Amino acid sequence: MLPLFIFIASLIISRIAVGSGFRLGLVDYPDSRKQHRGAVPLTGGVAVFLTILFGTLFLDIPPYTMETLAIATAVFLVGVFDDIRHINPWARLAIQYGAGICLATFGGLAISNVGNLLAMGDIPLLALSVPLTALSVAGLSNAYNMIDGIDGLAASLIALPLLALYGLALQAAHPMASTLMLMLIPLAVFLLFNLGPNNRLLPKMFLGDGGSVTLGFLVTASLVYFSQGDDPLIRPVTALWLVTVPLMDMLATMLRRLKNGKKLMEADRWHLHHTLLDLGLGPRQTLVLIVAWGGLTAATGLALEAVPDYLSLACYFLLFIAHCVFAIVADRKLHAGDNLANAA
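Take 1 as the starting number for the sequence shown in this note's numbering and just add one per residue.
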């Protein structure tokens with residue numbers, strides 16, 4: 001009954017959020033990079049996070065720590081403000097890094113050990129624990145924000161690691177499985193609105209920065225919570241595999257920007273989904289392909305739990321190199337085609 005109750009509550013909150021977005025002017029308009037039609041409310045993240053708060057406060061579903069929920073609330077408010085006023089990208093990154101510092105100190109969730117990555121035993125981080133946790137929060141929050149470019153993509157890639165952790169938590173009868181469920185159900189409801197028929201019952205809405213950044217923070221907190229401590233569900237290196245696509249997309253995009261002399265934090269059309277669209281795939285085909293790839297890499301990471309950490313990390317680096325090679329080769333082919341078309 002609890003999942004059904006959360007689902008119904010999320011539907012109601014989401015429908016209210018759509019109308020509120022129009023009334024408050026919290027909407028997104030099409031431009032040179034955005035191909036949607038008309039104004040679309042940026043309140044998907046608002047609906048998801050308010051559902052999480054509702055479940056925590058009224059359904060007694062515990063957060064990882066109450067301090068973590070407080071930090072997430074602050075991140076959410078900054079994200080919504082960014083949707084309204086557009087914060088400078090570097091300032092936003094600094095805020096995300098600050099949220100990571102708060103998570104590792106005030107929130108009580110920090111990466112204290114990264115496992116046996118060098119084949120010489122587990123590596124405790126000691127003084128590096130707080131800065132690495134902060135870097136993880138800033139990196140992953142920014143990665144989800146950057147990949148939020150076509151309908152359903154960011155929300156689906158956010159749901160993937162949460163779904164993998166939820167399956168493992170259920171199998172282990174972990175007491176925090178309900179916390180993961182509380183994040184997954186409103187994400188599923190958001191996808192109904194975002195990918196649905198766009199009618200009076202299920203009008204389209206976008207996740208917005210208030211959603212992608214906040215949920216990036218919560219995914220990072222989840223990965224830290226379940227990969228650290230005395231009885232973790234996953235190893236730290238496996239956490240990388242669960243978020244392969246957004247992380248690799250962000251790093252490969254930044255490498256392409258450096259290669260082409262562009263600003264690192266300047267929005268462009270060099271993300272993986274843009275490349276696939278430019279190669280001729282439709283938006284839904286691109287969504288299915290990237291999410292399937294994300295699911296495959298997550299499954300690979302879980303399968304590699306059977307091998308030493310350093311072998312899993314080596315495979316991850318090889319995959320990253322392959323991803324960068326694909327991005328660069330595709331970029332060259334697309335630019336070569338543009339040059340030929342211009343010459344003609």
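Glycine residues also receive a C-beta, built at the ideal position from the N, C-alpha and C atoms. Quantities reported herein were computed from a predicted structural model and do not represent experimental measurements.
Three-state secondary structure assigned by DSSP to residue i
i: Tyr124; result: In the sequence under discussion, the amino acid at residue 124 is Pro, which differs from the Tyr named in the question. Pro124: strand per DSSP, three-state reduction.
i: Pro41; result: strand
i: His274; result: helix
i: Gly282; result: coil
i: Pro161; result: helix
i: Pro203; result: coil
i: Leu233; result: coil
i: His174; result: coil
i: Ile150; result: coil
i: Leu340; result: Note that Leu340 scores 45 on pLDDT, short of 50, meaning its location in the model is unreliable; the coordinates nonetheless yield the value given after this. DSSP places Leu340 in helix when its eight states are reduced to three.
i: Val18; result: helix
i: Lys262; result: coil
i: His86; result: coil
i: Leu118; result: coil
i: Phe49; result: helix
i: Arg256; result: helix
i: Pro346; result: Look at the range of the chain in this structure, 1 to 344, and you will see that residue 346 is not part of it.
i: Pro308; result: coil
i: Met248; result: helix
i: Gln228; result: coil
i: Val137; result: helix
i: Asn142; result: helix
i: Pro197; result: coil
Beta-bridge pairing of residue i - partner residues as DSSP gives them
i: Asp28; result: Val40
i: Asn113; result: Pro124
Euclidean distance between Cα positions of residue i and residue j
i: Leu302; j: Gly25; result: 43 Å
i: Leu117; j: Ile101; result: 24 Å
i: Ile123; j: Leu311; result: 15 Å
i: Ile234; j: Gly38; result: 43 Å
i: Ala344; j: Ala330; result: Note that Ala344 scores a pLDDT of 44, beneath 50, so its modelled location is shaky; the value from the coordinates is reported in the next line. Those two C-alpha atoms are separated by around 21 Å.
i: Ala110; j: Ile71; result: 14 Å
i: Leu157; j: Asp231; result: 26 Å
i: Leu42; j: Pro246; result: 21 Å
i: Gly107; j: Arg332; result: 45 Å
i: Ser10; j: Leu59; result: 13 Å
i: Leu289; j: Leu207; result: 20 Å
i: Val114; j: Leu223; result: 12 Å
i: Ala341; j: Gly167; result: Any reading at Ala341 must be qualified, since the residue scores a pLDDT of 44, below 50, and its modelled position is unreliable; no value is offered.
i: Gly98; j: Ala134; result: 7 Å
i: Met66; j: Leu281; result: 44 Å
i: Leu57; j: Leu163; result: 23 Å
i: Thr238; j: Tyr29; result: 38 Å
i: Pro283; j: Met1; result: 35 Å
i: Leu318; j: Val18; result: 43 Å
i: Thr275; j: Thr286; result: 9 Å
i: Ala177; j: Leu170; result: 6 Å
i: Gly261; j: Ala143; result: 20 Å
i: Val27; j: Thr300; result: 38 Å
i: Leu201; j: Leu153; result: 22 Å
i: Gly229; j: Leu69; result: 20 Å
i: Arg15; j: Leu313; result: 43 Å
i: Leu428; j: Leu4; result: Residue numbering for the chain in the displayed model covers 1 to 344; residue 428 lies beyond these limits and cannot be assessed.
i: Glu305; j: Phe22; result: 47 Å
i: Ala172; j: Leu165; result: 10 Å
i: Ile321; j: Ala159; result: 25 Å
i: Phe226; j: Lys263; result: 35 Å
i: Ile95; j: Met205; result: 25 Å
i: Gly45; j: Met181; result: 16 Å
i: Asn88; j: Gly149; result: 19 Å
Among the options, the one whose alpha carbon lies nearest that of residue i
i: Ala292; options: Val243, Thr43 and Gly107; result: Val243
i: Leu240; options: Phe326, Thr220 and Cys324; result: Thr220
i: Leu370; options: Ile328, Thr297 and Leu318; result: Examination of residue 370 is not possible in this model, given that the chain is present from 1 through 344 alone.
i: Ala267; options: Leu180, Leu304, Ala127 and Thr253; result: Thr253
i: Met146; options: Leu2, Leu251, Cys315 and Asp28; result: Leu251
i: Gly295; options: Asp151, Cys315 and Pro161; result: Pro161
i: His358; options: Thr300, Pro62 and Ile8; result: The structure shown has nothing for residue 358, since the chain only spans 1 to 344.
i: Gln132; options: Leu276, Val27 and Pro236; result: Residue identity check: residue 132 is Leu in the sequence provided, not Gln. Ranking the options by Cα distance to Leu132, first place goes to Pro236.
i: Ala91; options: Leu69, Val130, Gly121 and Ala138; result: Ala138
i: Ser129; options: Ser141, Met120, Ile150 and Ser112; result: Ser112
i: Ser20; options: Leu4, Ile150 and Pro203; result: Pro203
i: Thr297; options: Cys315, Arg23 and Ile13; result: Cys315
i: His273; options: Arg23, Leu264 and His323; result: His323
i: Asp309; options: Thr105, Arg85, Gly121 and Ile87; result: Gly121
i: Leu255; options: Leu125, Ile95, Val189 and Phe326; result: Phe326
i: Leu140; options: Leu93, Leu180 and Met181; result: Leu93
i: Tyr64; options: Asn199, Thr179 and Met205; result: Thr179
i: Ile84; options: Ala155, Ser136 and Asp209; result: Asp209
Contact test: residue i Cβ vs the ligand MN heavy atom, cutoff 7 Å
i: Phe326; result: No copy of the ligand MN appears in this structure; indeed no ligand is present at all.
Would you call the stretch 41-52 and the stretch 174-190 in contact, with 3 or more CB pairs under 8 Å? yes
Mind the definition here: the stretch 209-220 touches the stretch 62-77 only if three or more C-beta pairs lie below 8 Å; say whether that holds. Yes: the two stretches touch, three or more of their Cβ pairs being nearer than 8 Å.
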